[in-house]
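First comes the structure, then the notes that go with it.
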Amino acid sequence: MANTAHKPGEDALFTDYLGTAIQKQAIERRIAKHAAKLGLHDPNSNDLSKRLTPHCFRHFFTRASYIHLACWVLMKDMSTWARKMNSYAGSWS
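If you read the sequence shown in the working numbering, its first letter stands for residue 1, the second for the next number, and so on.
Next comes the structure, spelled out in structure tokens:
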């Protein structure tokens, strides 16, 4: 297996105080630790809905972006509809 550790000065999303990349397992442990303190994570559960992992964030943000996009499209359609209704309002009098 190739060594994939980043060296100081290389690009990494999360780094420690030395500037080296934080490994995937360290991020998973930190998320699990803090999620357990909040009651959002049970590492011993067989129920996936009771375990919070970094992969859960992927689903959360994907869903949030879809919801944001849907709201944007809906608002755009509503503003178009409102403009049309306002243009028709003058002809109703």
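For glycine and all other residues, C-beta sits at the position ideal for the given N, C-alpha and C.
- In the same chain as Ala36, and ignoring 5 residues on each side of it, the C-beta atoms closer than 8 Å to its own belong to Asp42 and Pro43, in chain order.
- Collapsing the DSSP output to three states places Ala12 in coil.
- Rounded to the nearest angstrom, the Cβ distance from Thr53 to Glu28 is 7 Å, consistent with a contact under 8 Å.
- Bridge pairing for Ala70: absent [DSSP].
- Excluding sequence positions up to five before and after Arg51, its CB lies within less than 7 Å of the CB of His41, Asp42, Pro43 and Ser45, all in the same chain and listed in chain order.
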